[in-house]
Amino acid sequence: MKQSMAVKFWGVRGSIPSPGVSTKKYGGNTSCVSIHLDNEKTLILDAGTGIRELGKKLVAQKTDIFVIVTHIHWDHIQGFPFFIPIFQKDRVIYVFPYQQGETMFNSLFKQMDGAHFPVSMDRLPSKYQIITSDISEFMEKHGFCISRIATNHPGGAYGYRIENDGRTVVYLTDNELNPPEGKVNDFDSFVSFCKNADLLIHDAQYTQQDMPLKHGWGHSMISQSCELAVAAGVRRLVLYHHDPDRTDEQLDLLQEEAQIWFLQNKHDIQCAAAYEGMVINF
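Just add 13 to the spot in the sequence shown (first one is 1) and you have this note's numbering.
Below you can see the structure in the form of structure tokens.
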């Protein structure tokens, strides 16, 4: 019998947390998305400040936990020290370093040094395991087929394609589809990587009005994310990694503009802006 699969959004902002009256609808926490197979396995993508609320939900569950970070910029790791399961005695948590081969002192734990955070990693009661072997081979044993692609982002980052029982989710945050220089992968490469995905979660931090000032900062315009979704033939696009200065009203308008664009161009793709608490079931 096919397991249920749910994708949940806990943090949808980029760069820096942005709590406040003008962001309460979509949320102000930074990057964190979880994928759940029944109540047995939880795959966490990024450990921004959104992971704190996710941790509260997982405390009472006996689900296996796997944590993957796309890269080590602050907005993707800062929530990890506040992730309650790492303080649960004997709780098993599998953590994958940003780059294969990193030792136990990877970036999620480096920040827990007693100075930047009061609890150092050697005082954690959980049985966390840092997996330095190939992520694809390891996760295949746990029901996930995972592949990754290097994204166009200063300092380096990776996007992930997660498949399970005929369902496909692609998580491509912090990716500039057309950078002015230092291109690691081109548009066609991303099209191939996203091909026919059921769900594409893609960086959509900027608008045309943000350019040319922010060209080269490692993020895509909303229009570019829409074009990628069409070229790859995905079923659903979620606009992600919202600019911290973007208000709820502005995001409402940008979401509507994207939806109208798909309709006018006769593309049968569902499109929405990510918000905290958003759940997509398969």
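Positions of the beta carbon are idealized from the N, C-alpha and C atoms, including for glycine. As the structure is a computational prediction, the values presented were derived from the model and not from experiment.
Straight-line gap, THR181 to ALA210 (C-alpha atoms, nearest Å): What you label residue 181 is simply residue 168 of the sequence shown in a count that begins at 1. What you label residue 210 is simply residue 197 of the sequence shown in a count that begins at 1. So the two alpha carbons sit approximately 5 angstroms from each other.
What beta strand (DSSP E) runs, 3 residues minimum, are completely inside the stretch 219-284? 249-253
Is the stretch 145-157 touching the stretch 182-200 in the sense that three or more CB pairs, one from each, lie closer than 8 angstroms? no
Secondary structure at HIS89, three-state DSSP: helix, strand or coil? Working through the sequence shown from its first residue, we reach residue 89 at position 76. DSSP places HIS89 in helix when its eight states are reduced to three.
Apply the 10 Å Cβ neighbour rule to MET117 and answer buried if 16 or more other Cβ atoms are within range, or exposed otherwise. The residue labelled residue 117 in the question sits at position 104 within the sequence shown. With a pLDDT of 43 at MET117, under the threshold of 50, the modelled position of that residue is not reliable, and no figure is offered here.
Considering only the beta carbon of each residue, do PRO257 and GLY27 sit closer than 8 angstroms? Mapped onto the sequence shown, residue 257 falls at position 244. Mapped onto the sequence shown, residue 27 falls at position 14. Yes.
Report all residues from its chain with a CB closer than 7 angstroms to the CB of GLY61; omit the five preceding and five following residues, and keep chain order. Position 48 of the sequence shown, counted from the first residue, corresponds to residue 61. Excluding positions up to five away in sequence, the list reads GLY24, ASN42, THR43, SER44, CYS45, ASP88, HIS89, GLN91, GLY92.
Could you confirm whether any beta carbon from chain D is found closer than 8 angstroms to the beta carbon of ALA245? Going by chain labels, chain D is absent from the structure shown, which holds only one protein chain.
Here's a check: name, in chain order, each residue in its chain whose Cβ is nearer than 6 angstroms to the Cβ of HIS254, leaving out the five neighbours to either side. For this step, residue 254 is matched to residue 241 along the sequence shown. Cβ neighbours of HIS254 beyond the five flanking positions: GLY27, THR186, ASP216, GLN218.
Between the stretch 189-200 and the stretch 70-87, are three or more C-beta pairs nearer than 8 angstroms? no
Between which two residues does the alpha helix (DSSP H) holding SER205 run? Residue mapping note: residue 205 aligns to position 192 of the sequence shown, counting from 1. Taken as a continuous stretch (DSSP letters only), the alpha helix (DSSP H) holding SER205 covers 200-207.
For ALA19 and GLU150, the rounded distance between their alpha carbons: For this step, residue 150 is matched to residue 137 along the sequence shown. For this step, residue 19 is matched to residue 6 along the sequence shown. If you take the alpha carbons of GLU150 and ALA19, they lie about 23 angstroms apart.
Taking the alpha helix (DSSP H) that GLY68 belongs to, which residues open and close that run? Position 55 of the sequence shown, counting from 1, holds the residue named residue 68. Counting along the chain, the alpha helix (DSSP H) containing GLY68 begins and ends at 64-71.
Once DSSP output is grouped into helix, strand and coil, what is the label at LEU190? In the sequence shown, the residue the question calls residue 190 occupies position 177. LEU190 falls in the coil class under three-state DSSP.
Short of 6 angstroms in beta carbon distance, which residues of its chain neighbour ALA245, apart from the five on each side in sequence? Order them along the chain. What you label residue 245 is simply residue 232 of the sequence shown in a count that begins at 1. Cβ within range, chain order: VAL204, CYS207, LYS208.
Pick from ASN294, LEU241, GLY290 that is closest to ALA271, judged by C-alpha positions: Your numbering for residue 271 matches position 258 in the sequence shown. Nearest C-alpha to ALA271: LEU241.
Going straight from the alpha carbon of PHE295 to that of ARG249, what length do you get? Translated into positions along the sequence shown, residue 295 becomes position 282. Translated into positions along the sequence shown, residue 249 becomes position 236. One C-alpha to the other measures close to 12 angstroms.
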